[in-house]
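Chains A and B are the protein sequences, given in the same order. Each residue of the first sequence is one higher than the last, beginning at 6 in my numbering. Each residue of the second sequence is one higher than the last, beginning at 102 in my numbering. Below is one structure; the comments refer to it alone.
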Amino acid sequence: MSTTYSPRQARHAVAPPGRRRSPAGAVLLLGWAGVAAVLALWWQDTGAVVGPADWLIGAGRIAGLLTGYSCALLVGLMARVPVLEQGVGSDRVARWHASLGRYTGCLLLAHITLILWGYAVQSHTGVVGETTTVVLTYPEMVKGTIGGLLLLVIGLVSARAVRGKFRYETWYYLHLLTYLAVFLAFWHQLALGADFSTHPLARGFWYALYVSAAAAVLWYRIAVPMRLNLRHRLRVASVVREAPDVVSVVVHGRRLSELAARPGQFLRWRFLAPGLWWTATPYSLSAAPRPEMLRITVKAVGDHSAALIRLRPGTRVWAEGPYGALTADRRTRRKVLLLAGGVGVTPLRALFESLPARPGDLTLIYRARTADDLALRYELETIARLRGARVHYVLNQADGRSPRLTADLLGGIVPDVAEHDVYLCGPPGMAQAAYQVLRSAGVPAHHIHHESFEL
Amino acid sequence: MNAPSSRPLRRVLLSTLTTVGGVLLLLGLKPHVTTGAAGAVTQSAAPFPTPSASGTSPTGGSSSASGTRTVEGDTVQTRYGPVQLKITLRAGKISAVSAVQLPDQNPRDQEIDNFAVPQLTQEALAAQSANIDTVSGATYTSQGYIQSLQSALDKAGG
Chain A
6 MSTTYSPRQA RHAVAPPGRR RSPAGAVLLL GWAGVAAVLA LWWQDTGAVV GPADWLIGAG
66 RIAGLLTGYS CALLVGLMAR VPVLEQGVGS DRVARWHASL GRYTGCLLLA HITLILWGYA
126 VQSHTGVVGE TTTVVLTYPE MVKGTIGGLL LLVIGLVSAR AVRGKFRYET WYYLHLLTYL
186 AVFLAFWHQL ALGADFSTHP LARGFWYALY VSAAAAVLWY RIAVPMRLNL RHRLRVASVV
246 REAPDVVSVV VHGRRLSELA ARPGQFLRWR FLAPGLWWTA TPYSLSAAPR PEMLRITVKA
306 VGDHSAALIR LRPGTRVWAE GPYGALTADR RTRRKVLLLA GGVGVTPLRA LFESLPARPG
366 DLTLIYRART ADDLALRYEL ETIARLRGAR VHYVLNQADG RSPRLTADLL GGIVPDVAEH
426 DVYLCGPPGM AQAAYQVLRS AGVPAHHIHH ESFEL
Chain B
102 MNAPSSRPLR RVLLSTLTTV GGVLLLLGLK PHVTTGAAGA VTQSAAPFPT PSASGTSPTG
162 GSSSASGTRT VEGDTVQTRY GPVQLKITLR AGKISAVSAV QLPDQNPRDQ EIDNFAVPQL
222 TQEALAAQSA NIDTVSGATY TSQGYIQSLQ SALDKAGG
């Protein structure tokens, strides 16, 4: 419990604001329009398809064009563009990136195989000899080969099965090599892509695609964070133990209202202390941001989070954000249910404090193992008292059995749950189970707001 | 908002089938026979006058005392670059075809030239006309070759 964070009365206990439409549909439409443009380019540029070589090379070229297109998309998706991070939601964008990444890896393999095979059939040579010729004598192909191999290695390391065998940091820094790989592979597309050599317009489109992806990365991943940290000068103010393995870190900074962080959002935090500075980790704000301070609450699940308890006041902090779309903008109904599992309570704690609501409209259900594990319990109860909101704890039984979250249990606490907007945050298994229960209790899918970083 | 759960296997299967099907469809919708200018030229190609039929003295090109002469064909612009041929006639028969210009902007062009041109030359010498088949995988070069060859024969026979 932190005295500096005594909850404040919400300033405006009025009707919910109008729902802001998620830009996800528009972003997806734009992405698919690009696919159509790429295929149209191929179509317009391809004559007769005669014989097996033409089929192989044709398929290889389509795969290659799509690989090149989606590489730019993959970079763009991870550029931390606000419309993606805050509009679509960081978790959803990360899932898009992961599935598009897997798909692109397959396309790349198909492109390499089909093109080399097709060329070999066409020129009546062996695949090995043809590969040597292509790699060593075709323009930009040494670079292209290195780029392609890098991409395949990175793809392999990122695959679900293999990723767990590496430390997160190994995976992360290896992943940064993607930029180099994409850069290296870019040039052979223009030098050898038959569609680009004959069409200045197509070449312009390709340059525009890659230049905008690169510009977005430089701006939103480098320039914006630098400006943020120079302006706000964040430092650790205090570290508070909230529960046996849960700590809160209070961070002070200047002019934090200009950060425009909203309750429910998170930042990526890099604590400039020995052993911690090389990892940036996303943690949600566990209280509505104040003009001079922010707070995160973290459960010790890994090396990084466990080390936070040893942070000394005064430690410099490098933060990036705010990100995330689990905010008041999502809301469309008067009544709101916040459903928290374990440390997932943190963003919901911030929303519990700040979501505009009349007395009786706001309910928080907090699932935890034991009463000792209820982090932020006293703050939650204070907020409930001040706001006329309700808090319910769902704890394991005395024999350690965990209660099943059922529609009946939910109905017992919130009889009109179907009339609520639901904000859901918890470990993946719990969130998934809760989602199904909410749906069966009659809550429409578009009224369930959740954020899940499990890929 | 989407459900947190999804069926990964079904999604993988679906996207694979969609992609493979889509690519096959795109390729399948394209024509599968060679068409275009060269095709028409081949169809209308007049047979080269045989030595017995042509009693006239040869015109155009350069001739030598031994009755051998060379004729250059037109430069035909293909998508990948110009094609121009030179034919050698001995006693009214095509005895050799050589290339003056071929697409050579990148190694791929050269590779295609390397396998396609000898094959086309062999066909031309056997047929003694420009009425020859295109080489698979070298459609554009073949079309250029046939057109330039026809123009050379026209000049020689002119």
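Ideal Cβ positions, reconstructed from N, Cα and C, are used throughout, including at glycine.
Going by beta carbons, A266 (chain A) and P296 (chain A) fall outside the 7 Å limit. Contact of V54 (chain A) with chain B by beta-carbon distance below 7 Å involves L128, K131, H133.
Taking 7 Å as the upper bound on Cβ-Cβ separation, chain B lies near residues Q127, S128, H129 of the segment 116–130 of chain A. Less than 7 Å separates the beta-carbon of I418 (chain A) from that of H397 (chain A). CA-to-CA, the gap between W211 (chain A) and A115 (chain A) works out to about 21 Å. Beta-bridge partners assigned by DSSP to C430 (chain A): A:A345. A direct Cα-Cα distance of roughly 19 Å separates A64 (chain A) from G149 (chain A). Separation of the CB atoms of G393 (chain A) and P361 (chain A) is rounded to 13 Å, and the pair is thereby denied contact status at 8 Å. A403 (chain A) counts as exposed, since fewer than 16 other beta carbons sit within 10 angstroms of its beta carbon. Near chain A, meaning a CB-to-CB distance below 9 Å, the residues of the segment 222–254 of chain B are T235, S237, G238, A239, T240, Y241. When rounded, the separation of the alpha-carbon atoms in M83 (chain A) and V427 (chain A) is 28 Å. The Cβ of V218 (chain B) sits no closer than 7 Å to any Cβ of chain A.
Inter-segment contact for the segment 199–213 of chain A and the segment 225–233 of chain A is absent: fewer than three beta-carbon pairs are separated by less than 8 Å. Assignment of beta-bridge partners to R395 (chain A) by DSSP yields A:T368. Interface annotation, V177 (chain B): not in contact with chain A, CB-CB separation never under 7 Å.
The beta carbon of D205 (chain B) sits closer than 6 Å to the beta carbons of Q211 from its chain, once the five residues preceding and following it are set aside; these are given in chain order.
Taking all protein chains in view, the Cβ of W283 (chain A) is surrounded by fewer than 16 other Cβ atoms within 10 Å, so the residue is classified as exposed. In this structure, A239 (chain B) places its C-beta atom within 7 Å of the C-beta atom of I213 (chain B).
Not a single CB atom of chain A sits nearer than 7 Å to the CB of P183 (chain B). Under the three-state reduction of DSSP output, F171 (chain A) falls in the coil class, being neither helix nor strand.
One Cα belongs to F188 (chain A), the other to L157 (chain A), and the distance between them is close to 14 Å. For Y143 (chain A), a Cβ of chain B is located within less than 7 Å of the residue's own Cβ.
For the pair T176 (chain B) and Q185 (chain B), the CB atoms are nearer than the 7 Å cut-off. Spanning the alpha carbons of G123 (chain B) and S116 (chain B) requires a straight line of approximately 10 Å. Rounded to whole angstroms, V88 (chain A) and H102 (chain A) show a C-alpha spacing of 15 Å. For the pair S291 (chain A) and T302 (chain A), the CB atoms are nearer than the 7 Å cut-off. When the alpha-carbon of G349 (chain A) is set against those of A:L71, A:R372, A:Y184, A:N234, the nearest one is in A:R372.
Per DSSP, K256 (chain B) lies in no beta strand (DSSP E) segment; the continuous alpha helix (DSSP H) that holds it begins and ends at 240–258. With a cutoff of 7 Å on beta-carbon distance, R339 (chain A) and D377 (chain A) are scored as not near each other.
If the five residues before and after R238 (chain A) are omitted, its C-beta is found closer than 7 Å to the C-beta atoms of G258, R259, all from its own chain and listed in chain order. M146 (chain A) has its alpha-carbon roughly 25 Å from the corresponding atom of L105 (chain A). Rounded to whole angstroms, the Cβ separation of I120 (chain A) and G153 (chain A) is 11 Å, and the two are not in contact under 8 Å. At a cut-off of 7 Å between beta-carbon atoms, E212 (chain B) makes contact with chain A.
CA-CA distance, P449 (chain A) to A389 (chain A), rounds to 26 Å. Inter-residue distance for A217 (chain B) and K170 (chain A) is about 51 Å (C-alpha atoms, whole angstroms).
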